[in-house]
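Residue numbering for the sequence shown follows the numbering used here, beginning at 2 and increasing consecutively.
A short write-up of the structure that comes next.
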Amino acid sequence: MGMLEMKNLTKTFGGLTAVENVNFMVQKGSISGLIGPNGAGKTTIFNLITGIYKVTEGEIIFKGIPIQNLEPHRIASMGITRTFQNIRLFKKLSVYDNILTACHHNAGYNLIESVLRLGRFKKEEKDLRQDTENLMEIMGLAKWRDHAAHSLPYGLQRRLEIARALAVKPELLLLDEPAAGMNPDETLQLMNLIREIRDKFKCTIFIIEHHMDLVMGICENIMVLNFGRKLIEGPPEKVQRDPQVIQAYLGEGAKLGA
Numbered sequence: 002m003g004m005l006e007m008k009n010l011t012k013t014f015g016g017l018t019a020v021e022n023v024n025f026m027v028q029k030g031s032i033s034g035l036i037g038p039n040g041a042g043k044t045t046i047f048n049l050i051t052g053i054y055k056v057t058e059g060e061i062i063f064k065g066i067p068i069q070n071l072e073p074h075r076i077a078s079m080g081i082t083r084t085f086q087n088i089r090l091f092k093k094l095s096v097y098d099n100i101l102t103a104c105h106h107n108a109g110y111n112l113i114e115s116v117l118r119l120g121r122f123k124k125e126e127k128d129l130r131q132d133t134e135n136l137m138e139i140m141g142l143a144k145w146r147d148h149a150a151h152s153l154p155y156g157l158q159r160r161l162e163i164a165r166a167l168a169v170k171p172e173l174l175l176l177d178e179p180a181a182g183m184n185p186d187e188t189l190q191l192m193n194l195i196r197e198i199r200d201k202f203k204c205t206i207f208i209i210e211h212h213m214d215l216v217m218g219i220c221e222n223i224m225v226l227n228f229g230r231k232l233i234e235g236p237p238e239k240v241q242r243d244p245q246v247i248q249a250y251l252g253e254g255a256k257l258g259a
């Protein structure tokens, strides 16, 4: 079953076509990948899905509902959350407070209940704090709970950003280069973590990534973009052997992935 579908998706900026006639489906419960050289249009597609950019032509369907050109907050409220290439955290807040702040997206109490500290407020606050504790544990961040976000190593900042995205309980999680800046050990840990996230949170994951071992190791279906156009899609073993993909990335005689 398709959770997210792009139909003839096109985005132009003046005379420049950044994405052209792209068709792709992300299956519910899957880990899908989006790869391509720098400037291929990958992040533009994420920006179209999340409403940051307006679609020029085509459709984006989420759970059977067209979402192209909706405002970002409406798309987020439907169950789509993302991370960014450039990590976006409250740098001076602790790990705990960064996650708790994101968890408050799910709060159902109103202003009066909050000011008067009524029963609903107390119960939900207790639940949100427990959610925060659980996320820190799952993401391997409990040890750094009181550390300011800016003081964390880069790999842990990435984990914290993913934890904040998970705090809003998405159905579709978009990860934009989550392995950027990570060493091989951190990348291997991230691969296992992404699988765990999919299984524990029952969410669908769509990844942009340049780290080929990660993409080929965890993605079930991969789309390759080049100059805004789809070259190919398929399972890792098909994609990494395709001559067009190899040429687009590295030139003749090269090989993608292991």
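All C-beta atoms, glycine included, are put in the ideal place defined by N, C-alpha and C.
Separation of Met140 and Gly16 (C-alpha to C-alpha, rounded to the nearest whole angstrom) is 43 Å. Here Glu234 is bridged, per DSSP, to Met224. Phe14 and Arg230 have their C-alpha atoms spaced approximately 15 Å apart. With respect to His106, Val169 sits close: the two C-beta atoms are nearer than 8 Å. Look at Asn87 here: in three-state DSSP terms it is coil, with no helix or strand label. Fewer than three beta-carbon pairs drawn from the stretch 88 to 106 and the stretch 187 to 197 are found closer than 8 Å, and the two stretches are therefore not classed as touching. In the DSSP assignment, Ser78 falls within the unbroken alpha helix (DSSP H) covering 73 to 78. Annotation: the continuous beta strand (DSSP E) that includes Gly34 extends over 32 to 36. When DSSP reads this structure, Gly3 sits in a beta bridge with Gln28. Counting along the chain, Leu153 sits inside no alpha helix (DSSP H), nor does DSSP assign it H or E at all.
Annotation for Ala181: no residue places its beta carbon closer than 6 Å to its own, counting only its chain and skipping 5 residues before and after. By the C-beta criterion, the stretch 211 to 222 is judged to be in contact with the stretch 28 to 37, since at least 3 inter-stretch pairs fall below 8 Å. Counting the other Cβ atoms within 10 Å of the Cβ of Lys43 gives 16 or more, which makes it buried. Under DSSP, Val20 forms a beta bridge with Lys12. According to the DSSP assignment, Gly59 belongs to no alpha helix (DSSP H) but to the beta strand (DSSP E) extending over 58 to 63. Collapsing the DSSP output to three states places Ile53 in coil. Taking C-alpha positions only, Val96 is separated from Asn135 by approximately 13 Å.
For Pro179, the three-state secondary structure derived from DSSP is coil. Counted as a single uninterrupted DSSP element, the beta strand (DSSP E) harbouring Ile206 occupies residues 205 to 209. Under the 10 Å beta carbon count, Lys201 is surrounded by fewer than 16 other beta carbons and is classified as exposed. Using a 10 angstroms sphere on the CB of Glu210, the tally of other CB atoms reaches 16 or more, which defines it as buried.
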